[in-house]
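Engineer: Every number in my numbering is 4 more than the matching position in the sequence shown, counting from 1. This is the structure, below, for whatever I ask next.
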Amino acid sequence: MLTLGIDIGSTTSKCVLLEDGERIIGTELLVAGIGTIGAEKIMETVLKKAKLSRNDIDYVMATGYGRRNFDPANGELSELSCHAKGVLFTNPQVRTIIDIGGQDAKVLRINDKGILENFMMNDKCAAGTGRFLDVMANILQMPVNELEKRAELAEKPAKISSTCTVFAESEVISQLATGETVENVIAGICNSVASRVAGLAKRVGIKEEVFMSGGVAQNGGVRKALEKELKVPIKWSETSQMMGALGAAISAYEQVKKRGVLNE
Ligand code: ADP
Numbered sequence: 005m006l007t008l009g010i011d012i013g014s015t016t017s018k019c020v021l022l023e024d025g026e027r028i029i030g031t032e033l034l035v036a037g038i039g040t041i042g043a044e045k046i047m048e049t050v051l052k053k054a055k056l057s058r059n060d061i062d063y064v065m066a067t068g069y070g071r072r073n074f075d076p077a078n079g080e081l082s083e084l085s086c087h088a089k090g091v092l093f094t095n096p097q098v099r100t101i102i103d104i105g106g107q108d109a110k111v112l113r114i115n116d117k118g119i120l121e122n123f124m125m126n127d128k129c130a131a132g133t134g135r136f137l138d139v140m141a142n143i144l145q146m147p148v149n150e151l152e153k154r155a156e157l158a159e160k161p162a163k164i165s166s167t168c169t170v171f172a173e174s175e176v177i178s179q180l181a182t183g184e185t186v187e188n189v190i191a192g193i194c195n196s197v198a199s200r201v202a203g204l205a206k207r208v209g210i211k212e213e214v215f216m217s218g219g220v221a222q223n224g225g226v227r228k229a230l231e232k233e234l235k236v237p238i239k240w241s242e243t244s245q246m247m248g249a250l251g252a253a254i255s256a257y258e259q260v261k262k263r264g265v266l267n268e
């Protein structure tokens with residue numbers, strides 16, 4: 005059986021093609037703003053690479069911000085369920101998931117039966133999300149994937165005290181103007197995101213093992229700052245950003261199994 009999970013996020017569309025609910029046979033990712041054009045493109049690409057067509061796929065499950073408007077999908081599911089499913093599939097011993105995406109941050113607590121028992125989300129404010137990092141990277145005129153290695157070179161992380169992204173932007177500009185090093189400022193930016201998300205995580209309650217999903221997991225500066233704040237090791241993987249799409253593909257498989265309907 006072939007299922008496809010597609011995560012239509014605020015900045016990036018991700019998809020995972022799954023065989024029999026356990027073998028990943030294709031993945032695609034495209035940085036594209038909200039809307040389903042990115043999703044359509046990656047679905048086309050993943051199918052083409054696997055020499056398949058939409059009719060070969062038994063169920064397409066959509067998740068993420070754009071999930072309700074994606075016509076090729078058979079169903080849609082919340083990101084919370086999908087991230088939990090994706091992470092537990094690859095790391096069954098995880099009990100806390102910290103998901104920082106382009107527009108929100110979520111902390112999920114999983115019980116010993118693998119069921120989501122508590123969560124908290126910040127989707128009201130850009131601080132503590134990938135958006136904050138994207139805005140700052142833009143001011144510093146560097147890609148977000150460079151922030152990690154520059155943060156590592158910091159001698160004394162700058163203190164970014166503004167909790168609002170707009171004010172933090174002015175703060176960063178004035179710190180640079182008064183001679184603070186770019187490296188110290190970047191480390192301060194990573195610390196600022198980590199401190200916001202750590203607040204959320206402490207309210208949910210941390211239970212080991214802790215795993216970071218979402219695109220920001222790739223930023224070691226934020227990961228290390230979170231480990232320091234929460235005083236626990238944080239696991240992640242190169243495919244952390246794909247966890248929602250993977251969970252959606254697994255849910256699609258479970259859906260077909262439950263209904264016994266193929267190629268509906
Ligand atoms: P969404 O689903 O909302 O689009 P993602 O989970 O895909 O969010 O994460 C997107 C965020 O991940 C971006 O805002 C960016 O800050 C961060 N990001 C993406 N790629 C990288 C990278 N290579 N290194 C560091 N951060 C990254």
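Cβ atoms here follow ideal geometry from the backbone N, Cα and C, with glycine treated the same way.
For a test of the three-state rule: what should DSSP assign to VAL226, helix, strand or coil?
Structural biologist: Along the sequence shown, one-based indexing puts residue 226 at 222. Helix at VAL226.
Engineer: Comparing the CB of LEU34 with every heavy atom of the ligand ADP, is any distance shorter than 7 Å?
Structural biologist: Sequence index remark: in the sequence shown, residue 34 carries index 30 (1-based). Incorrect: LEU34 has no Cβ contact closer than 7 Å to the ligand ADP.
Engineer: Hey, ILE177 and GLY225: beta-carbon distance below 8 Å or not?
Structural biologist: Reading the sequence shown from its first residue, position 173 is the one you call residue 177. Reading the sequence shown from its first residue, position 221 is the one you call residue 225. It is not a contact, given that the beta carbons lie outside the stated cut-off.
Engineer: Is it right to say THR182 is buried, meaning 16 or more other beta carbons lie within 10 angstroms of its own, or is it exposed?
Structural biologist: Taking the sequence shown and counting its residues from 1, the one referred to as residue 182 is at position 178. Around the CB of THR182, fewer than 16 other CB atoms lie within 10 Å, so the residue is classed as exposed.
Engineer: Looking at the secondary structure, which residues open and close the alpha helix (DSSP H) in which GLY90 lies?
Structural biologist: The residue labelled residue 90 in the question sits at position 86 within the sequence shown. Annotation: the continuous alpha helix (DSSP H) that includes GLY90 extends over 83-94.
Engineer: So, do the region 32-47 and the region 252-263 have three or more beta carbon pairs nearer to each other than 8 Å?
Structural biologist: no
Engineer: Reducing DSSP to helix, strand and coil, say where ASN267 ends up.
Structural biologist: To locate residue 267, count along the sequence shown from 1; it is residue 263. Here ASN267 scores only 48 on pLDDT, less than 50, and its place in the model should not be relied on; the value that follows carries that caveat. Of the three classes helix, strand and coil, the one that applies to ASN267 here is coil, per DSSP.
Engineer: Starting from the N-terminal side, write out each stretch of the beta strand (DSSP E) that is 3 residues or longer and does not extend beyond the region 27-84.
Structural biologist: Within the region 27-84, the complete beta strand (DSSP E) runs of at least 3 residues are 27-35 and 63-67.
Engineer: Taking C-alpha atoms, which residue in ILE29, GLU175 and GLU152 lies nearest to LYS163?
Structural biologist: Looking up residue 163 in the sequence shown gives position 159. Checking every option, the nearest Cα to that of LYS163 belongs to GLU175.
Engineer: Which one of ASP116, LEU120 and MET125 has the shortest CA to CA distance from LYS110?
Structural biologist: Along the sequence shown, read from residue 1 onward, the residue named residue 110 stands at position 106. Checking every option, the nearest Cα to that of LYS110 belongs to MET125.
Engineer: What is the DSSP secondary structure of GLU159, counted as helix, strand or coil?
Structural biologist: As a first step, residue 159 is located in the sequence shown; it is residue number 155 there, counting from the start. Here GLU159 sits in coil by DSSP.
Engineer: Cβ-heavy atom distance between GLN1 and the ligand ADP below 7 Å?
Structural biologist: The displayed coordinates of the chain run from 5 to 268. Any statement about residue 1 would go beyond what the structure contains.
Engineer: How would you label SER57, buried or exposed, when you count the other beta carbons within 10 angstroms and need 16 or more for buried?
Structural biologist: Here residue 57 is taken as the residue at index 53 of the sequence shown, counted from 1. Label assigned to SER57: exposed.
Engineer: Once you ignore the five residues that flank LEU51 on each side, which residues in its own chain have a CB closer than 7 Å to its CB?
Structural biologist: For the purposes of this step, residue 51 is identified with residue 47 of the sequence shown, where counting begins at 1. For LEU51, where only same-chain residues beyond five positions count, the Cβ hits under 7 Å are SER57 and ARG58.
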